[in-house]
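Okay, so here's the structure we're looking at.
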Amino acid sequence: MVVRSDVLRSTLLRKPARRTVGVGRRRLVLGMLLAALALPGLTAVLNFAHGRLELVDELLLYLLVVVLVTLVGGLWPSVLAALAAGLLLNWYFTPPLHTWNVDAPTNVLALCLFIATAVTVSAVVHRAARAGALAAARAAEADVLLGLARTVLAGDDSPQAVLDHLHDTLGLAARLEERADDGWILLASAGASDGGATTVLPAGATLRLVVQVEPGAVGDRVLDGFAAQAAAARVRHRLRIQAEQSEALSAANRMRTALLAAVSHDLRTPLASVKAAVSTLRQHDITWTDADRDALLATIEDGADRLTALIANLLDMSRIHTGAVEPFIRSVALDEIVPLAARGLDGAAHLIVDVPEDLPLVCADPVLLERVLANLFANALRYSPPARPPSVRAECVDGPSTVAISVIDHGEGVPAADRERIFEPFQQLGDRRPAGGVGLGLAVAKGFAEAMGARLSVLDTDGGGLTMRVDVPVSRAARHPARSRP
Amino acid sequence: MTSVLVIDDDADLLRALRINLSARDYRVATAGDGGAGLSAVAREHPDAVIVDLGLPDMDGADVIRGVRGWSSVPIIVLSARDQEAQKVEALDAGADDYVTKPFGMDELLARLRAATRRIPASTGAPVIETADFRLDLQAKLVRLTSGAPVRLTPTEWQLLETLARNRGRLVSRLQLLQQVWGPEYHTETHYLRVYIAQLRRKLEPDPSRPRYLLTEPGMGYRFSD
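See the structure below:
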């Protein structure tokens, strides 16, 4: 909204002395001046042309001057002008001339009617002018309030925006304050206070708007409007913050509920096979063959292993979340860690390992690094098609301050938009996920990697699939190994 | 020989179930996901289906709906989901019973037996004898073992008869309401609570710890003998 702020300001800001809407002191003087010049001038002209005009014409010409004086100077100059015009007519134009006497009764009537008409017309013209000025002031107020309403409706409805709008349109410094136990607290302010007079407006039960202007200098309606909008903006602002907070809370709550469902499912599934196998073995009405017994015992062990892995991940996750991971960083040989990490994983034999023995030592906590790699291996093995097993490759990068360990699978991959989300715990929420997937492995891997100053990132595998890359800094103590080779 | 199809994505559980059910003379078929399960139902025409809800390719409830489209084979849900809404959804989809993981094998076998038992022909004179009372469905008579007759209102009798004729099986709340009160009843589960409580007072030795008229929370009731 383009607000003609200079026009508004001049219309709205008035001196308190001119509280009533009407003509100003300047125009009063102008009116008097006009009357003092025009009436003698007209008299001189008519005197010169005397005899050629009827009294009626002279009366009308004087009336015209009085009306002009009204338009310029308002009511009081015009009343004075009407009286003066009556006297001038009596002295110069009604016989007997140059006396205060009037011989013809009709002329007496004409003079009286002239004064009455002149005063009445002046009053009407004056009132019309006054109404016009009032309407202009109201229109200006309405413009300001409309501009304010638009600003607020356009979405910028903080208390600060309301005060800024007040400052921009009226050029007034203002501040919004809230009642506190001991005085007032400043909530927002616009413009610099010059220490002059202020107008204080209540805004709602606990707020007030303090405007740097003399009381009464600006229409009450305008400042009341600003005060009400500022108070409403404050309430809306607070509501919006609360709504955002509660939205965040309920999102967190949904997340927690989903997480709980996922954890309970993942704990129950291996428990179910353990319990099914155990309760089968405890049924004595059937004699189990040795093969059956072995298979059932293997089921129990599998389930116990899966529970162990899940619980380890859950505990790791809570250590990461509570910041309880304290890495013990030292120089580590990758070719010793990688086989440890792969040990015990389903299908670990298929993993293609390309970790040269002559790589420099890296700075890492060997236990954490092993857990990071084990989780990445498990993830890659789970998502790889049987025909194309995953591989792990380590190489120096950044010449050579870093060793990059890439765990490469040829599975279906993850869309770029979901890349960051795969590191959130239980990303595969619910219980529909590939067998054995618990949704915690990558979250733990990322948490541990970051805890020891390594970086875990996701890349595309050439030809499809996902590559998880861990960047570990090279150990400065032993950039080139003095390790004895067997 | 009764044939059972087990649809579950957990290979360990399939192995344990296969061993146990085979030893008990069930013919066992297994499927690792919903699609394989549906085609196995069509191919094998099993006498009962045990289905997990969390399958890798589709939801178990959709498998149930798919089977119910053309078959009335008894379906038992075997799932780690334990929320009431999830149970109700599976039962409404057409499952006959619901067992929560982890479960005892004895319980699953009992549910399986109940689901595959043929409903006694109405011409027979089914008499259910328990340690505490004798129920004659033909004569519509109930006597405590002491010989004292138990007086039941018509509604109480209908409720008891419905449960007894499905002895061992889960009867859903909806099924009970519609069979006893009429097809326009859906949500008046408080009727059930009131009448079941009355039946327990009349039949159970300890009404607060029922042995025969069991509540399956969120799902329905079961007559156990």
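As you go down the protein sequences, you meet chains L and W in turn. Under the working numbering, the first residue of the first sequence carries the number 23, and numbering increases by one thereafter. Under the working numbering, the first residue of the second sequence carries the number 263, and numbering increases by one thereafter. Positions of the beta carbon are idealized from the N, C-alpha and C atoms, including for glycine.
At the level of alpha carbons, what is the spacing between residue i and residue j?
{"i": "A126 (chain L)", "j": "P117 (chain L)", "result": "8 angstroms"}
{"i": "D165 (chain L)", "j": "S211 (chain L)", "result": "22 angstroms"}
{"i": "Y288 (chain W)", "j": "T424 (chain W)", "result": "28 angstroms"}
{"i": "V389 (chain W)", "j": "E369 (chain W)", "result": "24 angstroms"}
{"i": "V496 (chain L)", "j": "A416 (chain L)", "result": "12 angstroms"}
{"i": "L392 (chain L)", "j": "A386 (chain L)", "result": "Rather than Leu, the amino acid found at residue 392 (chain L) in this sequence is Glu. Rounded to whole angstroms, E392 (chain L) to A386 (chain L) spans 10 angstroms at the Cα level."}
{"i": "P437 (chain L)", "j": "V384 (chain L)", "result": "32 angstroms"}
{"i": "T111 (chain L)", "j": "L133 (chain L)", "result": "At residue 111 (chain L) the sequence reads Leu, which differs from the Thr that was named. Near 8 angstroms, if we compare the C-alpha coordinates of L133 (chain L) and L111 (chain L)."}
{"i": "G330 (chain W)", "j": "G485 (chain L)", "result": "One detail in the question is off: residue 330 (chain W) reads as Arg in this sequence, not Gly. Using only the alpha carbons, I get a separation of about 43 angstroms."}
{"i": "G316 (chain W)", "j": "I326 (chain W)", "result": "12 angstroms"}
{"i": "L275 (chain W)", "j": "T321 (chain L)", "result": "8 angstroms"}
{"i": "P467 (chain W)", "j": "L476 (chain W)", "result": "13 angstroms"}
{"i": "R443 (chain L)", "j": "E199 (chain L)", "result": "44 angstroms"}
{"i": "A476 (chain L)", "j": "E323 (chain L)", "result": "34 angstroms"}
{"i": "V222 (chain L)", "j": "S268 (chain L)", "result": "35 angstroms"}
{"i": "S144 (chain L)", "j": "L135 (chain L)", "result": "14 angstroms"}
{"i": "R429 (chain W)", "j": "A304 (chain W)", "result": "28 angstroms"}
{"i": "G325 (chain L)", "j": "L293 (chain L)", "result": "6 angstroms"}
{"i": "P469 (chain W)", "j": "A459 (chain W)", "result": "8 angstroms"}
{"i": "L279 (chain W)", "j": "A299 (chain L)", "result": "8 angstroms"}
{"i": "G322 (chain W)", "j": "R260 (chain L)", "result": "46 angstroms"}
{"i": "S428 (chain L)", "j": "E266 (chain L)", "result": "40 angstroms"}
{"i": "D398 (chain W)", "j": "L281 (chain L)", "result": "51 angstroms"}
{"i": "H372 (chain L)", "j": "A473 (chain L)", "result": "30 angstroms"}
{"i": "S486 (chain W)", "j": "V404 (chain W)", "result": "16 angstroms"}
Should residue i be labelled buried (16 or more other beta-carbon atoms within 10 Å of its own) or exposed?
{"i": "I374 (chain L)", "result": "exposed"}
{"i": "A347 (chain W)", "result": "exposed"}
{"i": "P382 (chain L)", "result": "buried"}
{"i": "T128 (chain L)", "result": "exposed"}
{"i": "K402 (chain W)", "result": "exposed"}
{"i": "S100 (chain L)", "result": "buried"}
{"i": "M490 (chain L)", "result": "buried"}
{"i": "D179 (chain L)", "result": "buried"}
{"i": "D271 (chain W)", "result": "buried"}
{"i": "N282 (chain W)", "result": "buried"}
{"i": "V51 (chain L)", "result": "exposed"}
How is residue i classed by DSSP in three states: helix, strand or coil?
{"i": "Y457 (chain W)", "result": "helix"}
{"i": "Y474 (chain W)", "result": "coil"}
{"i": "L317 (chain W)", "result": "coil"}
{"i": "I269 (chain W)", "result": "strand"}
{"i": "M490 (chain L)", "result": "strand"}
{"i": "I351 (chain L)", "result": "coil"}
{"i": "A476 (chain L)", "result": "coil"}
{"i": "P503 (chain L)", "result": "Confidence is the limiting factor: at P503 (chain L) the pLDDT is only 47, short of 50, which leaves the residue's position unreliable and the question unanswerable from this model."}
{"i": "T362 (chain W)", "result": "strand"}
{"i": "R404 (chain L)", "result": "helix"}
{"i": "G108 (chain L)", "result": "helix"}
{"i": "D453 (chain L)", "result": "At D453 (chain L), the pLDDT of 47 sits below 50, so the modelled position is not reliable; the number obtained from the coordinates is stated separately. It is coil, neither helix nor strand."}
{"i": "I326 (chain W)", "result": "helix"}
{"i": "S334 (chain W)", "result": "coil"}
{"i": "E391 (chain W)", "result": "strand"}
{"i": "A401 (chain W)", "result": "coil"}
{"i": "T121 (chain L)", "result": "coil"}
{"i": "G416 (chain W)", "result": "Inspection of the sequence shows that residue 416 (chain W) is occupied by Pro rather than by Gly. Looking at P416 (chain W) - three-state DSSP - the assignment turns out to be helix."}
{"i": "P495 (chain L)", "result": "strand"}
{"i": "E417 (chain L)", "result": "strand"}
{"i": "R197 (chain L)", "result": "strand"}
{"i": "L245 (chain L)", "result": "helix"}
{"i": "I374 (chain L)", "result": "strand"}
Task: the region 256 to 274 of chain L / the region 303 to 315 of chain L touching (three or more Cβ pairs under 8 angstroms) - done: no
TODO: Could you tell me whether the region 280 to 295 of chain L touches the region 334 to 351 of chain W, where touching means 3 or more Cβ pairs closer than 8 angstroms?
DONE: yes
Task: Inter-stretch contact at 8 angstroms, needing at least 3 Cβ pairs: the region 77 to 94 of chain L / the region 45 to 57 of chain L - done: yes
Task: Contact set between the region 263 to 286 of chain W and chain L, restricted to residues whose Cβ is under 8 angstroms from the partner - done: D271, D272, A273, D274, L275, R277, A278, L279, I281, N282, A285, R286
Open item on the list: Quick check: the region 156 to 164 of chain L against the region 103 to 123 of chain L, are at least 3 beta-carbon pairs closer than 8 angstroms?
Closed with: no
Task: Residues within the region 273 to 293 of chain L neighbouring chain W, beta-carbon criterion of under 9 angstroms - done: A283, S286, H287, D288, L289, R290, T291, P292, L293
TODO: Tell me, please, whether the region 174 to 184 of chain L touches the region 137 to 157 of chain L by the rule of three or more beta-carbon pairs shorter than 8 angstroms.
DONE: no
TODO: Kindly confirm or deny that the region 226 to 242 of chain L and the region 252 to 268 of chain L touch, where touching means at least three C-beta pairs closer than 8 angstroms.
DONE: yes
Task: Three or more C-beta pairs below 8 angstroms linking the region 394 to 410 of chain L and the region 466 to 473 of chain L - done: yes
Open item on the list: Beta carbons nearer than 9 angstroms to chain A: which residues of the region 336 to 364 of chain W have them?
Closed with: Included in the structure are the protein chains L and W, with no chain A among them.
- [ ] Check distances from the C-beta atoms of the region 313 to 335 of chain L to those of chain W and list, in chain order, the residues that come in under 7 angstroms.
- [x] D314, A317, L318, T321, D324, G325
Open item on the list: Tell me which residues of the region 312 to 325 of chain W have at least one Cβ-Cβ distance to chain L shorter than 9 angstroms, keeping chain order.
Closed with: D314, L315, G316, L317, P318, D319, M320, D321
Open item on the list: Tell me which residues of the region 365 to 376 of chain W have at least one Cβ-Cβ distance to chain L shorter than 9 angstroms, keeping chain order.
Closed with: F365, G366, M367, D368, E369, L370, L371
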